[in-house]
Amino acid sequence: MNFGFFDSGVFHFDLVELRALFPYLALCVGMLFTTIASAKSLPVFVHKIILTLTLAAFAISMAMGLGSAEVEVFGGSLVLDESLRWVSIGIATLAFLALISVYDLDHSEWSTLMLVSITGMTMLPGARNWISFFVFLETMAIPAYVMAAFRQNRDGGYEAGIKYLLLGAFASALLLMGMTLIFGATGSFDYKTIREVLEFGLPSNLVIAAVILLVVAASFKVAMAPLHMWAADIYQSAPSSLAAFMAGAGKLSVFTAIVLAWNRCGFFNLSFISTFVTALAILSILLGNLMALNQKSLRRMLAYSSVASAGYVAMVIPFGEAALPGIFVYLMTYGVALSVAFASIESLSAKAGHASSSNFSITDLSLVPFGKAKVETFFLTLALFSMAGIPPLPGFLGKYLLISDIWTASPMATFWIILGSMMGLAYYLRILVPLYFEKSQVSGIISTRAPLPRTVLGSAGVGIFTLFLLVWIFAKFFSAGGAETMLSAVR
Amino acid sequence: MNLLGLFLIPFVSGVILFFFGKKWKTAQWANIVFHAFWGVAVYQCWANFDPSQMGEVYWSWDWFPMLNSKLALGLDGLSLPLVVLNYILSLLLAFYALGKEKLSPSYLALFSILNAASIGTLISLDAFAFYIFWEFMLIPMYFLIGKWGSKNRVYAALKFFAFTMAGSLLMLLAIIALSKTYGTLSWIELKNLNLPYDGLTGFHGLIFLGFLIAFAVKIPLWPLHTWLPDAHTEAPTGASVILAGVLLKLGVYGIARWCLSLFPLASSDVAIPMMTLASVGIVGGSFAAWKQVDIKRMIAYSSVAHLGFMVLGLFAFNVEALSGAMFQNLAHGLSTGALFLIFGIIYDRTHTRKIEDYGGLASKNGLLATAFVFSAMASIGLPGLPGFIGEFLILSGTFMSNKIFAFVGLSGILLGAVYMLGMLRKVVFGPMGPTVKSHEIVLEWNEWVAIVPLLVLMLVLGMSPQFLLSKVMFSMEWISALY
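Sequences listed follow chains A and B, in order. Counting the first sequence from 1 gives a position; our numbering is that position plus 255. Counting the second sequence from 1 gives a position; our numbering is that position plus 114.
The following block contains the structure:
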């Protein structure tokens with residue numbers, strides 16, 4: 256009997272593939288349960304428990320795969336290799352962090368949407384051709400459009416969602432156009448074939464146009480200037496825990512995928528594209544930092560600072576695969592710091608009597624009653640110092656690795672990162688002034704809503720789990736040969 | 115030697131102190147108890163110190179193999195005096211803090227963490243670990259100045275942070291370059307590699323300059339000194355004492371450890387420019403100190419001048435000058451620490467720093483005035499006090515290598531006497547000023563406990579410098595043998 260398409264290998268499974276797919280099966284089971292939980296209108300903590308179990312199963316099964324050979328599934332459309340496993344564990348950790356601070360959401364579908372998005376995010380680095388890349392990217396992005404608009408009734412959530420959707424659709428169109436052009440130029444969507452073609456002869460203008468379109472589309476996804484406009488609105492208006500997660504984990508996933516695609520497709524052969532990426536990076540660093548200096552709303556400020564941080568990462572992309580561990584560590588530490596900062600701001604704004612944290616500004620920080628928000632203040636401080644890259648906080652490690660990858664090769668690129676860090680210091684430290692150095696204007700809490708965390712016990716449990724996972728990741732990653740495994744995936 | 119305890123004890127006690135909440139009295143006594151534990155560790159290190167080694171690693175942990183970095187700890191003649199000085203100043207400040215409600219548990223906690231960071235900087239023999247501790251010092255100091263300082267504190271704290279950070283980033287680049295080129299960041303391994311030298315603008319010359327500029331900002335060497343007067347003036351008393359007593363010294367220490375030892379050829383190349391800058395610092399700092407109307411600002415500028423002396427000594431490269439610089443490190447830490455402490459105690463009562471508001475302190479509180487004059491004399495470098503020995507050694511060493519700079523340095527001593535005595539005349543003697551008249555200046559017992567040991571130590575060090583010099587001599591000979 257001839258099954259035609261079904262016999263071509265796409266739907267052929269053996270045991271190795273099935274075992275490799277276990278993490279994703281866990282995610283699917285989790286999606287089923289969260290859908291039931293939303294249908295039955297179960298309380299938030301049920302969602303949290305389901306998500307915790309699902310993500311734990313996902314992270315643990317991914318971690319158990321570390322060190323083993325890469326596995327092709329779905330006929331090669333998805334390849335589970337070391338970099339995908341590392342990024343998946345990282346994204347699961349960031350998701351745990353988001354879980355701690357999720358509360359008070361208008362819609363109960365967030366848990367299912369989050370799992371769908373995580374599926375896309377964690378598959379993205381495993382793409383070996385542009386079709387898979389596109390499918391995984393959209394799997395990640397479409398739930399994010401919905402989540403961005405969760406608060407349609409307040410804080411401009413509706414506006415943010417529409418903006419994000421329209422610009423996202425625009426970027427997707429650019430990506431598809433780029434893919435089409437590159438298919439036209441090289442005759443393949445496959446990374447390996449494209450690389451062979453690019454190494455064969457001088458690149459045609461068609462290839463350059465195609466790659467520019469791909470780069471522009473990707474730069475939208477990671478909120479690099481000049482396509483960063485959506486970021487400020489999303490960071491400000493989306494539910495804070497989800498915004499932090501989508502920003503941190505999304506960046507981790509997309510940047511890893513870009514670096515892998517960059518090296519596997521051999522884009523480093525196109526010197527013009529390297530210059531183009533560097534130009535975008537410089538623009539992001541300058542624009543992000545300058546705009547961040549100028550923001551009133553803390554969440555908007557963080558948005559612009561993350562534009563700058565995308566610039567730092569993009570700066571090292573032209574330097575090839577060796578940058579991968581640095582990018583991973585930098586974006587992991589940035590994602591953690593961002594989540595912690597968002598959760599702290601959410602809680603501080605509640606204690607200062609603001610109805611929402613969207614417009615919570617630096618001057619409003621002096622409305623936080625003194626001594627009544629010690630934990631949040633402390634964690635916000637840690638997060639800010641980490642983002643500024645001050646040792647001994649982990650953010651320093653990320654920046655150190657980023658710089659150490661490029662500085663002997665290009666002092667100029669290093670200069671921009673250092674300049675950006677110095678500019679960043681100005682607005683990070685500015686936040687600490689009303690928090691610590693000025694007398695608070697009020698003495699008691701005038702809260703209109705419950706400050707974080709509402710379910711202390713559950714949050715503490717997930718928090719400790721996250722901490723262990725983080726320590727484990729860094730211990731394992733920095734142990735002898737840990738980061739090299741990630742690089743082996745590229746070669 | 116229990117080197118791990120040397121910085122873990124203050125760190126852990128700092129963390130514990132955060133949790134004392136409003137119980138500031140208990141916290142202050144607990145702080146003294148913690149200092150007792152820490153003292154045991156410091157004493158152990160002092161007693162088991164082996165003066166005939168340089169850069170030996172006593173404890174090491176392979177913490178970041180990927181970054182070629184180990185947490186390698188060691189104690190030698192370069193670091194030992196500063197570790198002891200740091201401990202003594204911190205202990206005395208713990209006594210000074212007793213009974214002051216403003217110095218809350220979080221102040222003490224930040225202080226302990228600052229101590230942990232500065233001790234870590236002193237005893238780590240790995241460039242990456244050194245950098246981590248070096249930058250870690252900024253965080254507690256930023257909060258100490260910004261929260262407990264006087265009127266212009268936020269500006270001063272930010273200026274302090276930005277200046278030091280900008281300098282340190284150059285050191286970071288140098289460290290990365292070393293790590294990428296040689297695959298190791300251990301001080302002793304880098305030393306044994308005998309790093310090549312290809313001119314100041316060559317690869318190794320730039321690495322050297324990266325280290326040097328970071329330390330020059332911290333020292334602070336003219337013209338990078340402008341953060342210091344602000345930071346000193348606005349900082350609370352305790353922070354001023356530690357800033358002058360320990361943090362600035364770390365710049366001198368850093369030059370000796372990372373520049374002179376690893377890059378002897380590059381160091382000799384910059385000797386003349388560095389000595390010139392140091393001389394400008396000595397003379398300019400002295401004149402600036404002379405013209406100040408604010409006492410703390412005046413002491414800050416006198417620090418610029420005194421630190422210039424140490425740089426002069428470092429770049430003369432002979433045993434006399436080097437051991438003089440190290441000795442002056444200690445002498446200046448004690449004398450300037452005492453000046454800041456005593457003036458801090460007066461300021462607690464009068465709340466003014468203007469010289470013109472004072473006068474006639476001697477007739478108000480003779481004992482305190484005596485202590486103040488004593489410390490000022492030590493700062494000038496009166497024979498019998500440690501400042502004299504340090505400056506004498508530096509100048510005789512400098513004389514051997516370059517006579518002109520020795521004469522400039524000599525004039526610096528003279529100028530030091532001019533501005534110090536001028537200040538003493540206006541503050542301690544003369545007719546009683548309005549502020550002194552209207553305020554009761556009577557010291558608590560614990561404030562005497564904080565001051566007196568400093569004076570005794572100065573006298574002991576000044577009379578018999580040998581008990582310290584014998585411990586550091588080997589390291590100084592080791593460095594000067596490179597030239």
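Glycine included, each C-beta is placed from N, C-alpha and C at the ideal position. Bear in mind that the values here come from a model prediction, so they are computed numbers and not experimental data.
According to DSSP, is residue 276 of chain A helix, strand or coil?
-> Residue state for residue 276 of chain A is assigned as coil, using DSSP reduced to three classes.
Assign residue 610 of chain A to buried or exposed, taking buried as 16 or more other Cβ atoms, counted over all protein chains shown, within 10 Å of its Cβ.
-> Result: exposed.
Taking all protein chains shown into account, do 16 or more other C-beta atoms lie within 10 angstroms of the C-beta of residue 283 of chain A, making it buried, or fewer, making it exposed?
-> The residue in question, residue 283 of chain A, is exposed, as its Cβ has fewer than 16 Cβ neighbours within 10 Å.
Is the CB-CB distance between residue 227 of chain B and residue 374 of chain B below 8 angstroms?
-> Against a cut-off of 8 angstroms, the Cβ pair of residue 374 of chain B and residue 227 of chain B comes out as no contact.
Same chain, Cβ closer than 6 angstroms to residue 434 of chain B, five either side skipped, listed in chain order | Taken in chain order, the residues that qualify are 507, 510, 511.
Kindly list the residues whose CB is nearer than 6 angstroms to the CB of residue 182 of chain B, restricted to its own chain and excluding five residues on each side of it in sequence; keep chain order.
-> The answer, listed in chain order, is 293, 297, 298, 299.
Residue of B:151, B:410, B:159 minimising C-alpha distance to residue 172 of chain B | Among B:151, B:410, B:159, the Cα nearest to that of residue 172 of chain B belongs to B:159.
List the whole-angstrom C-beta distance separating residue 396 of chain B from residue 423 of chain B, where the pair is believed to meet the contact cut-off of C-beta under 8 angstroms.
-> Rounded, the Cβ-Cβ distance is 6 angstroms, consistent with contact.
Own chain, CB closer than 6 angstroms to residue 492 of chain B, minus 5 neighbours either side, in chain order = Non-local C-beta neighbours of residue 492 of chain B in its own chain, meaning closer than 6 angstroms and more than five positions away in sequence, comprise 449, 499, 501, 572, ordered along the chain.
Under 7 angstroms from the C-beta of residue 260 of chain B: neighbouring residues of chain A | Listed along the chain, the chain A residues whose CB falls inside 7 angstroms of the CB of residue 260 of chain B are 691, 692.
Quick one: give me the first and last residue of the alpha helix (DSSP H) that residue 341 of chain A is part of.
-> 337 to 356 is the span of the alpha helix (DSSP H), which, as asked, contains residue 341 of chain A.
For residue 438 of chain A, which option in A:353, A:369, A:461 has the closest C-alpha, if you only look at C-alpha atoms?
-> Nearest option by C-alpha distance: A:461.
For the region 242 to 256 of chain B, which residues have a beta carbon sitting closer than 9 angstroms to at least one beta carbon of chain A?
-> Contact residues of the region 242 to 256 of chain B toward chain A are 242, 245, 246, 247, 248, 249, 250, 252, 253, 256 (C-beta to C-beta distance below 9 angstroms).
Listing by chain order, which chain B residues have their CB less than 8 angstroms from the CB of residue 659 of chain A?
-> When 8 angstroms is used as the limit between beta carbons, residue 659 of chain A is near these residues of chain B: 181, 290, 293, 294, in chain order.
Looking only at C-alpha atoms, which of A:659, A:297, A:648 sits nearest to residue 726 of chain A?
-> That would be A:648, whose Cα lies nearest to the Cα of residue 726 of chain A.
Could you name the residues of the region 270 to 281 of chain B whose beta carbon sits closer than 8 angstroms to any beta carbon of chain A, in the order they occur along the chain?
-> Residues 271, 272, 275, 276, 279, 280.
Would you call the region 645 to 665 of chain A and the region 567 to 580 of chain A in contact, with 3 or more CB pairs under 8 angstroms?
-> Here the region 645 to 665 of chain A makes contact with the region 567 to 580 of chain A; the two share three or more CB pairs at distances below 8 angstroms.
Given residue 268 of chain B, which residues of its chain have a CB within under 8 angstroms of its CB, disregarding the five upstream and five downstream residues?
-> Take residue 268 of chain B, set aside five residues on each side of it, and the residues of its chain with a beta-carbon closer than 8 angstroms to its own are 260, in chain order.
If residue 593 of chain A sits next to residue 502 of chain A, beta carbons under 8 angstroms apart, how far is it from one beta carbon to the other, in whole angstroms?
-> Taking the Cβ atoms as the reference, residue 593 of chain A lies roughly 6 angstroms from residue 502 of chain A, within the contact range of under 8 angstroms.
Whole alpha helix (DSSP H) runs in the region 354 to 378 of chain B with 4 or more residues, listed along the chain?
-> The region 354 to 378 of chain B contains, as complete alpha helix (DSSP H) runs of 4+ residues, the segments 362 to 368 (chain order).
Mind the definition here: the region 536 to 555 of chain B touches the region 467 to 480 of chain B only if three or more C-beta pairs lie below 8 angstroms; say whether that holds.
-> They touch, by the three-pair rule.
Counting contacts by CB-CB distance shorter than 8 angstroms, is residue 362 of chain B in contact with chain A?
-> Chain A contact via Cβ: absent.
Would you call residue 549 of chain A buried or exposed, if buried means 16 or more other Cβ atoms sit within 10 Å of its Cβ?
-> Residue 549 of chain A is exposed by the Cβ-count criterion.
Neighbour-count burial assignment, residue 386 of chain B, 16 or more Cβ in a 10 Å radius = Exposed, since its Cβ has fewer than 16 Cβ neighbours within 10 Å.
Taking residue 684 of chain A as the query, report the chain B residues whose CB atoms sit under 7 angstroms from its CB, ordered along the chain.
-> Per Cβ cutoff of 7 angstroms: 272, 275.
Three or more beta-carbon pairs under 8 angstroms between the region 328 to 340 of chain A and the region 474 to 494 of chain A, yes or no?
-> No, because fewer than three Cβ pairs between the region 328 to 340 of chain A and the region 474 to 494 of chain A fall closer than 8 angstroms, the two stretches do not touch.
Please confirm if the region 554 to 564 of chain B is in contact with the region 203 to 216 of chain B, defined as three or more CB-CB distances below 8 angstroms between the two stretches.
-> Counting Cβ pairs under 8 angstroms, three or more are found: they touch.
Residues of the region 366 to 384 of chain B with Cβ closer than 9 angstroms to any Cβ of chain A, in chain order | Taking 9 angstroms as the Cβ-Cβ cut-off against chain A, none of the residues of the region 366 to 384 of chain B qualify.
Which one of A:556, A:372, A:570 has the shortest CA to CA distance from residue 537 of chain A?
-> Closest by alpha carbon: A:570.
Within 10 angstroms of its Cβ, does residue 749 of chain A collect 16 or more other Cβ (buried), or is it exposed?
-> Nothing about residue 749 of chain A can be read from this structure; chain A reaches only from 256 to 746.
Residue 581 of chain B, buried or exposed, once every other Cβ within 10 Å from all chains shown has been counted against 16 | The residue is exposed, with fewer than 16 neighbouring Cβ atoms inside 10 Å.
Buried or exposed: where does residue 249 of chain B fall if 16 or more other Cβ atoms within 10 Å of its Cβ makes it buried?
-> Buried: at least 16 other Cβ atoms inside 10 Å.
Residue 640 of chain A at chain B interface by Cβ criterion, 8 angstroms = Yes, its Cβ sits closer than 8 angstroms to a Cβ of chain B.
Residues bridged to residue 173 of chain B [DSSP beta-bridge criterion] = Under DSSP, residue 173 of chain B takes part in a beta bridge, and its partners are B:187.
Excluding the 5 residues preceding and the 5 following residue 381 of chain A in the sequence, name in chain order all residues of the same chain whose CB lies nearer than 6 angstroms to its CB.
-> Setting aside the 5 residues that flank it on each side, residue 381 of chain A is surrounded in the same chain by 333, 334, 335, 339, each with a C-beta closer than 6 angstroms to its C-beta; the list follows chain order.
Members of the region 671 to 682 of chain A that neighbour chain B once the beta carbon cut-off is set at 7 angstroms = For the region 671 to 682 of chain A, the set of positions with a beta-carbon nearer than 7 angstroms to some beta-carbon of chain B reads 673, 677, 680 in chain order.
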